[in-house]
Structure formats: structure tokens, C-alpha cells
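The block underneath contains the structure these notes are about, expressed in C-alpha cells.
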Amino acid sequence: MNVYEKIGLKKAINASGKMTALGATAVSQEVAEMIKKASMEYVEISSLIDKAGEIISKYTGGEDSCVTVGASAGIAISVAATIAKDNLSLIEKMPKSDGLKNEIIIQKGHSINFGAPINQMIMLGGGIPVEVGQANKVEYQHVEKAINDKTTALIYIKSHHTVQKGMLSIEKMIEIAHNHKLPLIIDAAAEEDLKKYVKLGADMVIYSGGKAIGGPTSGFITGKEEWIKYCKEQYKGIGRAMKVGKENIMGLLKAIELYGKADVEGKALENRNKMNDMVKELNLIKGIEAVLIQDEAGRDIYRARIKIDEEKVGMTAFELIKRLETGDIAIYTRDYYANIGYIDIDPRPLNDGDEKIIISRIAEIINSKK
Numbered sequence: 041m042n043v044y045e046k047i048g049l050k051k052a053i054n055a056s057g058k059m060t061a062l063g064a065t066a067v068s069q070e071v072a073e074m075i076k077k078a079s080m081e082y083v084e085i086s087s088l089i090d091k092a093g094e095i096i097s098k099y100t101g102g103e104d105s106c107v108t109v110g111a112s113a114g115i116a117i118s119v120a121a122t123i124a125k126d127n128l129s130l131i132e133k134m135p136k137s138d139g140l141k142n143e144i145i146i147q148k149g150h151s152i153n154f155g156a157p158i159n160q161m162i163m164l165g166g167g168i169p170v171e172v173g174q175a176n177k178v179e180y181q182h183v184e185k186a187i188n189d190k191t192t193a194l195i196y197i198k199s200h201h202t203v204q205k206g207m208l209s210i211e212k213m214i215e216i217a218h219n220h221k222l223p224l225i226i227d228a229a230a231e232e233d234l235k236k237y238v239k240l241g242a243d244m245v246i247y248s249g250g251k252a253i254g255g256p257t258s259g260f261i262t263g264k265e266e267w268i269k270y271c272k273e274q275y276k277g278i279g280r281a282m283k284v285g286k287e288n289i290m291g292l293l294k295a296i297e298l299y300g301k302a303d304v305e306g307k308a309l310e311n312r313n314k315m316n317d318m319v320k321e322l323n324l325i326k327g328i329e330a331v332l333i334q335d336e337a338g339r340d341i342y343r344a345r346i347k348i349d350e351e352k353v354g355m356t357a358f359e360l361i362k363r364l365e366t367g368d369i370a371i372y373t374r375d376y377y378a379n380i381g382y383i384d385i386d387p388r389p390l391n392d393g394d395e396k397i398i399i400s401r402i403a404e405i406i407n408s409k410k
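Plus 40 on top of the position in the sequence shown (first one is 1) and you've got this note's numbering.
Printed below as a string of C-alpha cells:
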């Protein structure tokens with residue numbers, strides 16, 4: 041019985057991914073031990089923030105980094121940094137930014153909901169989102185012509201949630217931003233490559249500490265020293281409501297250390313093989329068809345995709361999802377495409393034996409309808 045079962049909650053199997061709604065990551069023993077030790081001591085927080093930035097930057101190639109409580113907080117803080125910079129009077133006014141340079145240009149296909157609206161995170165930092173182009177097509181000119189004397193930054197959302205076709209590339213967005221002497225912010229919350237976007241020339245790149253890195257609830261902004269300095273200044277303003285505790289900062293540092301040593305390619309191959317085996321077993325269940333699919337955003341993540349034959353099974357994907365989630369053990373799948381009959385299984389959060397439980401439960405539910 042785990043700690044959540046002890047307070048009356050059901051055991052959950054996460055087959056959805058490193059999702060905030062399911063607690064993001066189950067941290068390793070080493071990370072948990074670091075969190076425990078750090079929580080039992082005192083430290084001067086501003087010095088810890090600076091030291092953490094120095095350590096994190098060794099893994100990202102950034103000139104400096106600023107720890108945050110998560111990637112969404114990173115968006116608000118980085119936006120506020122472009123508006124208020126190090127002007128204390130303005131920092132203390134955020135998110136009220138009337139009369140200031142406060143427009144943030146975002147491609148329309150990037151104006152997404154990730155559990156909350158991206159545009160709301162921009163507004164929390166005092167920014168006014170300016171959507172450009174169309175939901176499935178953005179041209180260079182759309183971005184260029186939207187820039188005016190109120191523009192403070194451009195933002196790029198690197199996520200499986202965004203429209204994956206017809207958007208301008210990161211390289212083009214960096215080119216436009218720098219041609220106009222503006223910073224480009226990249227939200228790379230769940231991305232696995234910690235150096236790629238800094239190398240491309242982005243000014244501020246935001247990561248979640250609790251997703252690919254495998255840390256606790258945390259995150260960081262990494263990039264150009266000038267902008268990171270301004271990000272840290274926001275802890276005198278809106279950042280105060282988004283502060284990350286000493287224990288989570290130290291847990292993040294341990295997680296990023298372990299991540300830097302990890303065989304990421306080997307783990308990806310292991311997970312792919314695990315999903316291949318699962319696909320074979322799922323295809324033995326009548327009424328469903330399973331295939332292996334790659335992550336929508338092109339990451340080296342392969343999932344088992346289950347297609348429900350509604351006529352043969354006698355239920356929709358939504359019904360199957362509900363039955364899985366309301367069983368004695370709650371099984372949460374990746375349900376972004378349930379409206380067209382697909383359910384995906386993500387291997388990364390699965391514990392040993394979880395695949396067998398999922399397969400058995402799906403077979404039980406489907407056979408009960410026949």
C-alpha cells in the first residue's frame with residue numbers, strides 16, 4: 041500500500057506520460073534522499089538560486105540559469121523579465137504593464153492549452169499575447185509585420201500540443217527576433233535535449249524539472265546572462281508567488297546530475313522494445329488493433345496506440361478510458377485522440393509489471409461487453 045492509498049486514494053498506474061495531472065515524475069531514490077536532506081537544513085536562498093543557476097548551466101550550455109517552480113512559472117517570469125527588466129518599480133507593478141512595451145508575439149498554432157492556457161501564463165507575467173497567422177499556417181511576414189514599438193519579445197512553444205505543420209521554425213523565429221533586437225523565449229518544458237535550443241541562439245529556454253529530467257516539482261530558465269539576471273530579479277515581484285523551495289532546488293540539481301550521466305538512447309530503445317512487445321499482446325485481444333507510433337513532436341519516444349473497433353467491441357474509446365480510470369486500480373492512458381477512437385500507452389512512467397496489468401484490464405473490459 042503506497043502513501044496515497046493510506047489516505048484513502050486509489051492506486052494509480054500512469055500510462056499517459058510525465059503529466060502534471062498525475063504528479064509528473066516518480067523521482068529516483070537518490071533524488072528523494074537529496075530532497076529529504078535538503079529539507080532538514082537552512083540555506084541563504086538567493087545564494088542557492090545563484091549557485092543552482094551556475095550548476096544547471098554546465099548541463100545546458102547557457103551563460104546562466106534561473107530555477108523556477110515549474111515551466112509555466114518560467115513563462116510568466118521570463119515574460120516579466122522582458123518588460124520590467126531590473127527596474128524595481130516596474131517589477132513591483134507586474135503583471136500590470138499598461139503603457140509599457142508588453143506585447144509578446146506567438147504563432148496562432150502555438151496558442152494552446154497544456155492544462156491551462158499558454159496565453160494566460162504570458163499575461164501572468166504582464167505580457168499581452170499577440171497571435172499571428174492562422175492555426176495551421178504562419179508565414180514569415182505574419183511575424184515581421186506584427187512587430188511594433190510595443191513588442192517586447194517573441195515566444196516559441198516546443199510541444200506535442202502545438203500544431204506540428206505550417207508553423208515557422210525556431211531558427212526563423214530567432215532570426216526575426218534578433219533582426220529586431222528582441223529576445224526569443226522558448227518553452228521547451230518536456231524536451232529531452234538540454235543544449236539544443238541554447239546552441240540555436242535562443243535567449244531564454246524554459247524546461248520542466250519534473251518531466252524528462254526526472255526531478256521534483258521544479259523547472260528552470262537557461263540562456264543569455266543578461267536575460268537570466270532579469271529573470272532572477274522577478275523574485276522581488278511576481279516570482280514571490282511562484283517560489284521554489286530549497287528542497288526542490290536540491291532535488292532538481294541531483295536529478296539533472298543523474299540525467300547528465302544517464303544512457304538516454306539506451307533507455308529510449310528499451311522503452312521502444314517494451315512497447316513493441318505490448319503491441320503484440322494487445323493485438324491478441326479481439327476488437328482492437330495496436331501499432332507503434334512516435335511522439336508527435338519528434339522526440340525519441342515510442343508509444344503503443346490502440347484503435348478501438350466500436351462495432352466489434354460495443355464501446356467507444358471514451359467508454360474504455362472511463363472504465364480503465366474507474367477500476368479498483370485507476371489506469372490513466374494518453375487520451376488526446378480519443379475522439380477518433382485512439383488510446384495511447386506511454387512507456388516512460390510505467391513500473392515493472394504495469395504493462396501486464398493494463399493488457400489484462402483492457403481484455404477484461406472488452407470481453408465483458410461481448
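Note that beta-carbon positions come from the ideal geometry of N, C-alpha and C, so glycine has one too.
Taking its Cβ as the centre, do 16 or more other Cβ atoms sit within 10 Å of residue i, making it buried, or is it exposed?
i      : result
GLU395 : buried
ALA111 : buried
THR366 : exposed
ILE253 : buried
GLY102 : buried
LYS58  : buried
VAL67  : buried
Which residues in the same chain have their Cβ closer than 8 Å to the Cβ of residue i, if we skip the five residues on either side of it in sequence?
i      : result
GLU211 : LEU240
LYS269 : ASP104, ASP126
Throw me the rounded Cβ distance for the residue i and residue j pair, which I believe falls under 8 Å.
i      : j      : result
ILE225 : SER118 : 5 Å
ILE399 : LEU322 : 6 Å
LYS251 : GLU70  : So it is not a contact: roughly 18 Å between Cβ atoms.
ILE328 : ILE346 : 5 Å
Specify the secondary structure class of residue i as computed by DSSP and reduced to three states.
i      : result
SER199 : coil
SER408 : helix
ASN311 : helix
GLY57  : coil
GLU143 : strand
THR122 : helix
LEU332 : strand
PHE260 : strand
Please go through the same chain and pick out, in chain order, the residues whose beta-carbon is closer than 6 Å to the beta-carbon of residue i, but skip the five residues on each side of it.
i      : result
LEU208 : VAL178
LYS141 : LYS190, THR192
GLU350 : THR356
ALA308 : ASP340
ILE162 : VAL119, ILE144, PRO169
GLY291 : VAL71, MET74, ILE75, GLY255, PRO256
Suppose the cutoff is 7 Å on Cβ atoms and the five residues either side in sequence are ignored; what does the same chain contact list for residue i look like?
i      : result
PHE358 : ALA378
GLY149 : ALA175, ASN176, VAL178, THR202, VAL203, GLY206, MET207
Among the options, which has the Cα closest to the Cα of residue i?
i      : options                       : result
CYS106 : LYS251, ILE197, TYR247        : TYR247
LEU128 : VAL83, ILE325, LYS272         : LYS272
ILE361 : ILE187, TYR382, ARG343        : TYR382
LEU194 : TYR180, ILE216, GLN181        : ILE216
LYS109 : ASN288, SER151, ALA61         : With the sequence shown as reference, residue 109 is identified as Val, and Lys is not the correct amino acid for it. It is ASN288 whose Cα lies nearest to the Cα of VAL109.
ARG280 : ARG363, ILE261, ALA113, ALA92 : ALA113
TYR180 : LYS264, ILE146, ALA302        : ILE146
VAL331 : TYR342, VAL43, VAL319         : VAL319
Say yes only if the C-beta of residue i is nearer than 7 Å to one or more non-hydrogen atoms of the ligand ATP, and no if none qualify.
i     : result
GLU45 : Within the structure as shown, the ligand ATP is missing, as the structure has no ligands at all.
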